[in-house]
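So the structure is just underneath, and the comments pick up after that.
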Amino acid sequence: MLRILCCNEKCTAPGRLFQWDDHKNLQAGGKLAKKGDDGAVSFVETCPFCGSRNKFYVTKVQKIDVTRNMI
Ligand SMILES: [Zn+2]
2 MLRILCCNEK
12 CTAPGRLFQW
22 DDHKNLQAGG
32 KLAKKGDDGA
42 VSFVETCPFC
52 GSRNKFYVTK
62 VQKIDVTRNM
72 I
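End of the sequence shown sits at 72 in the numbering used here; the numbers just go up one at a time, nothing left out.
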């Protein structure tokens, strides 16, 4: 799990942090990155506490199986 800092200053999450399942979305070794980092890909995740949309960057995103959606 990665911990994402919520962008909402009034977020009710403890420490404004919520968890994001990196194993579902990232390859081994993937981690939070900054915009412009090598291989950084942006994600948008809704905070489960306050519902704000948080944009963040991670590396080593799993390749999405496009053909699966074409059936
Ligand atoms: Zn929040």
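All C-beta atoms in this analysis are idealised placements derived from N, C-alpha and C, irrespective of residue type, glycine included.
Which partner residues does glutamate 46 have in the DSSP bridge list?
Asn55
Between which two residues does the beta strand (DSSP E) holding leucine 18 run?
18 to 21 is the extent of the beta strand (DSSP E) around leucine 18.
Beta-carbon proximity of leucine 6 to leucine 33, cut-off 7 Å:
No; because the gap between Cβ atoms is not below 7 Å, this pair is not in contact.
Answer with buried or exposed for valine 59, where buried requires no fewer than 16 other C-beta atoms within 10 angstroms of its C-beta.
buried
Give the DSSP bridge partners of alanine 34, in chain order.
Tyr58
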